[in-house]
Every structure is written in C-alpha cells, then in structure tokens.
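Report on the following structure.
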Amino acid sequence: MTKTNAGDRLYFHQGDKLATVKQGTQNHSVFRSLDTALAEQLNCDSEPVRFLTTDGNGSVLQVKTDQQLESLPYTAYGHSASQPSTLSLLGFNGERIDPAELYILGNGYRSHNPRLMRFLSPDSLSPFGKGGLNSYAYCGADPVNFTDPSGHFRLFGRLFAPKLPKHVKNAATGGLPSYSKAKKKKYAVPGETLPSYDETLRDYPKQREIRITATAPLLSKLEARVKKYDSYIERQHVKADKANSEYTIYQASANQYVNGSDMWRFYTSKANLAYDKEAYYNVKSRDFTADRDKIIAAIAELRQT
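To convert, note that position 32 of the sequence shown is 31 in numbering that gives the first Met the number 0; the numbers rise steadily by one, no gaps.
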C-alpha cells in the first residue's frame, strides 16, 4: 500500500506478479498468460482496455487502445523518456514503475532507479551471499543478459535463450492417413475419384520423396539448432567445471584459518558462491539438454515421414 493525495493505493499480487492496483473505486488490472502480460483493464476510463506488446523479458514496448498507440523504448538499464506511461502500469522487464520513475522489485523489497542504473538501498544478501559484492548493483552490471525480479540477485533473461521449433504438421511434413480414413467423406474432393489401395501404395514412394524434398530446409535449420544447443551445453559444462575448481580452492583456503575468523568467513562465503554457480550452470546444462533432445526427436520424426 502507498499513500497519495487521492487516497490509499492498494496493490494485489498473484504469486510474484502484480495483478491489480486499487484506489478508491478505481481498479486497474493486468491480464497475463503464464508470465506474459497481454492486456490491462481500467474500470474508470473512456478506453478501459489496453493491449500490450512485450518482448521476451516482458518489457512493455507498445500500449494500444481504441484511439491511442504509445511506444516505450528503453535503455539497457530500463530508463525511458516515455515512462511512467499514462496507459500502462508496467514497463521494463514487465515490472511496475511508480510516479517517481522507480521500479519496485521483489513486491516492494527494493527500488531500482533506471536513471542512476542502480538500486537505492543495499541488498541483504550482499556482500557474501547471492547479491554479490556490490550491494547496490543492478543485475551485476549486465542488464542485457540478466533480470532481477526479486531485487536480491540476477537471473538469466529470456531474450536470448534459444527457441524451440514449433512442429506443425501439414501436407508436406505429415504422415499419410490410413486408407479407410482417407475414404471418409470429409477427405473426399468433390467430383474426384479416390485412388485404389494398390494405387496409393504404388504412388507412396513418389509422394514420400516430395515430402522429403519439402522438409529438407526445415531439417537443415533444426540440425543447425542442435549444433547451437551443443555449443550452449559445452559452455555450461566449462563454466561449471571452473566453478567447481574455484570451490575446491576457496574451501581449501578456508580450512587454513580458524573456524569463525574473518578470513575463514571470507573464503567460506566465496566457496558458497562458487558452489551456487556450479549448481546454476548444471541446471542450465540440464535444461538446454532437454530442449536439444526435443529437437532431435522432432528431426527423427520428420525423417520417418
């Protein structure tokens, strides 16, 4: 809740996402699909519905009403000359921006100032925890590749994550229906006689060759994407191995000092950070491997048609 000259403003969340802002009789709600904001509705306005255009990280790029179209460009740290928007509650990375041009992250935990490119208060997880050494830094000074919805520590963003292909079956890539299914009325072409079963079997190699030729470009793209995933996975393994080596070194250094001493705490915190980094890269490697395997399965299915 915040207090304004117009009265108390109440904020309602669904999980960690803003759902509704209520002030007096005015309700301003955000409608989402999964984590993506699609539209907003304001009950006290001549144009109550606003449709949103967002990027992969959830940043609102455009707001469309019946009569208005507002564009919202951002710097790397989220500053926009068009913010705060007169139409939308949300802005950079899909976060709420207040009238003072601050992003309130972590459901009110900390304020990020996109002009200053930093937080306005220190992180409780810094300097020895996941917050990093600089307790005021936003996304570890890398807001292009990371986001920080909690206000505590950065997360890998979604903008540059590799995309899985959508498998769409059509006449070129789908398998042949059974003969009994093909004979059904809904498959028949008016005025045209269906081929016999023997004719269908005889022509199948020719039709299959046509399908293989048609799917060749798609197969080439998918195979290139598998190689891209292999590269991502290899990089995560290298980073995980490096973090494991750092953990071993820091843990050995900590063991050289008296338990509880300043140097022991320093090296122990560094070892814990290295341990968390190794776990993080292992999870990324696992997720990338699962996505790559889905593409490999799609390639195998296309080759069998």
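Yeah, the Cβ is synthetic: ideal placement off N, Cα and C, and Gly gets one too.
Source: prediction; values computed, not measured.
Looking at residue 246 and residue 279, is the spacing between their C-beta atoms short of 8 Å?
-> Taking the sequence shown and counting its residues from 1, one reaches residue 279 at position 280. Taking the sequence shown and counting its residues from 1, one reaches residue 246 at position 247. Inclusion of residue 279 and residue 246 in the CB contact set at 8 Å is not warranted, their separation being larger than that value.
Which residues bound the beta strand (DSSP E) around residue 152?
-> Start at 1 with the first residue of the sequence shown, and residue 152 comes out as number 153. It is not in any beta strand (DSSP E) - residue 152 carries neither H nor E in the DSSP assignment.
Can you give me the start and stop residues for the beta strand (DSSP E) that residue 102 sits inside?
-> Counting from 1 along the sequence shown, the entry for residue 102 is found at position 103. First-last of the beta strand (DSSP E) with residue 102: 102 to 104.
Mark residue 171 as exposed unless 16 or more other C-beta atoms lie within 10 angstroms of its C-beta, in which case mark it buried.
-> Translated into positions along the sequence shown, residue 171 becomes position 172. With a pLDDT of only 48 at residue 171, under 50, the local geometry of the prediction cannot be trusted, and the value read off the model is given with reservation. Exposed, by the Cβ-count rule.
If you follow the beta strand (DSSP E) that residue 97 is part of, which residue opens it and which one closes it?
-> Against the sequence shown, residue 97 aligns to sequence position 98. Bounds of any beta strand (DSSP E) do not take in residue 97, whose DSSP letter is neither H nor E.
Just checking my contact of residue 150 with residue 105 at CB under 8 Å: how many whole Å lie between their CB atoms?
-> Along the sequence shown, one-based indexing puts residue 150 at 151. Along the sequence shown, one-based indexing puts residue 105 at 106. About 3 Å separates the beta carbons of residue 150 and residue 105, which is inside the 8 Å limit, making them a contact pair.
Would you list the residues sitting across from residue 52 in a DSSP beta bridge?
-> Working through the sequence shown from its first residue, we reach residue 52 at position 53. Answer by DSSP bridge pairing, in chain order: 61.
Cutoff 7 Å; reference residue 272; Cβ partners in own chain excluding five residues on either side = For this step, residue 272 is matched to residue 273 along the sequence shown. Counting only Cβ-Cβ distances below 7 Å, and skipping sequence neighbours, we find nothing.
Extent of the continuous beta strand (DSSP E) to which residue 7 belongs | In the sequence shown, counting from the first residue as 1, residue 7 sits at position 8. 6 to 13 is the extent of the beta strand (DSSP E) around residue 7.
Rounded Cβ spacing between residue 277 and residue 253 (contact assumed at less than 8 Å) | Here residue 277 refers to the residue found at position 278 of the sequence shown. Here residue 253 refers to the residue found at position 254 of the sequence shown. The C-beta distance from residue 277 to residue 253 rounds to 16 Å, too long to meet the 8 Å contact threshold.
In three-state DSSP terms, what is residue 35?
-> Residue mapping note: residue 35 aligns to position 36 of the sequence shown, counting from 1. It is a strand residue.
Give me the Cβ distance between residue 15 and residue 142, rounded to the nearest whole Å; I'm assuming they're in contact under 8 Å.
-> In the sequence shown, residue 15 corresponds to position 16, counting from 1. In the sequence shown, residue 142 corresponds to position 143, counting from 1. Incorrect: roughly 19 Å between the Cβ atoms, too far for contact.
Measure from the alpha carbon of residue 55 to the alpha carbon of each residue in 81, 130 and 155, then state which is nearest.
-> Position 56 of the sequence shown holds residue 55. The shortest C-alpha separation from residue 55 is found at 155.
Should residue 260 and residue 127 be called a contact, given that it needs their Cβ atoms to be closer than 8 Å?
-> Here residue 260 corresponds to residue number 261 of the sequence shown, with the count starting at 1. Here residue 127 corresponds to residue number 128 of the sequence shown, with the count starting at 1. The answer is no: Cβ separation not under 8 Å.
Can you have a look at residue 220 and say buried or exposed, based on whether 16 or more other CB atoms are within 10 angstroms of its CB?
-> By one-based count along the sequence shown, residue 220 stands at place 221. Under this definition residue 220 is an exposed residue.
Looking at the structure shown, is residue 265 part of a helix, part of a strand, or coil, going by DSSP?
-> Locating residue 265 in the sequence shown gives position 266, where the first residue counts as 1. The answer is helix: DSSP assigns residue 265 an H, G or I state.
For residue 28 versus residue 40, is the C-beta distance shorter than 8 Å?
-> Within the sequence shown, the letter at position 29 stands for residue 28. Within the sequence shown, the letter at position 41 stands for residue 40. Yes, these two residues count as a Cβ contact at 8 Å.
Could you give the DSSP three-state label for residue 78: helix, strand or coil?
-> Within the sequence shown, the letter at position 79 stands for residue 78. Secondary structure of residue 78 (DSSP, three-state): coil.
Is residue 11 buried or exposed, if buried means 16 or more other CB atoms sit within 10 Å of its CB?
-> Sequence index remark: in the sequence shown, residue 11 carries index 12 (1-based). So residue 11 ends up on the exposed side.
Find out if the Cβ-Cβ distance for the pair residue 37, residue 60 is shorter than 8 Å.
-> Here residue 37 refers to the residue found at position 38 of the sequence shown. Here residue 60 refers to the residue found at position 61 of the sequence shown. No, they are not a contact pair.
Euclidean distance between Cα positions of residue 296 and residue 286 = Start at 1 with the first residue of the sequence shown, and residue 296 comes out as number 297. Start at 1 with the first residue of the sequence shown, and residue 286 comes out as number 287. Distance between the alpha carbons of residue 296 and residue 286: 16 Å.
Burial state of residue 120, where buried means 16 or more other Cβ atoms lie within 10 Å = Here residue 120 refers to the residue found at position 121 of the sequence shown. Taking every protein chain shown into account, the CB of residue 120 has fewer than 16 other CB atoms within 10 angstroms, so this residue is exposed.
Start and end of the beta strand (DSSP E) containing residue 69?
-> Counting from one through the sequence shown, the residue named residue 69 turns up at place 70. Unbroken beta strand (DSSP E) run through residue 69: 68 to 70.
By how many angstroms is the C-alpha of residue 137 removed from the C-alpha of residue 122?
-> As a working mapping, residue 122 is identified with position 123 in the sequence shown. As a working mapping, residue 137 is identified with position 138 in the sequence shown. Distance between the alpha carbons of residue 122 and residue 137: 10 Å.
State the start and end residues of the unbroken beta strand (DSSP E) segment that holds residue 22.
-> Position 23 of the sequence shown, counted from the start, is the residue given in the question as residue 22. Looking at the DSSP string, the run of the beta strand (DSSP E) that includes residue 22 is 16 to 22.
Start-to-end residues for the beta strand (DSSP E) that takes in residue 87 | Working through the sequence shown from its first residue, we reach residue 87 at position 88. Per DSSP, residue 87 belongs to no beta strand (DSSP E) and is neither H nor E.
Determine the DSSP secondary structure at residue 119, reduced to helix, strand or coil.
-> Translated into positions along the sequence shown, residue 119 becomes position 120. DSSP places residue 119 in coil when its eight states are reduced to three.
Give every residue of the same chain whose Cβ lies closer than 7 Å to the Cβ of residue 53, excluding the five residues on either side of it in the sequence, and list them in chain order.
-> Locating residue 53 in the sequence shown gives position 54, where the first residue counts as 1. Closer than 7 Å at the Cβ level, and outside the excluded window around residue 53, lie 35, 36, 59, 60 and 93.
How long is the line joining the alpha carbons of residue 215 and residue 232, rounded to whole angstroms?
-> Residue numbering aside, residue 215 sits at position 216 when the sequence shown is read from its first letter. Residue numbering aside, residue 232 sits at position 233 when the sequence shown is read from its first letter. Cα to Cα, the separation comes out at about 26 Å.
Whole angstroms is fine: what's the gap from residue 240's alpha carbon to residue 65's?
-> Position 241 of the sequence shown holds residue 240. Position 66 of the sequence shown holds residue 65. One alpha carbon belongs to residue 240, the other to residue 65, and they sit about 54 Å apart.
Sequence-distant residues of the same chain with beta carbon closer than 7 Å to residue 263, five excluded per side | As a first step, residue 263 is located in the sequence shown; it is residue number 264 there, counting from the start. 253, 256 and 257, listed in sequence order.
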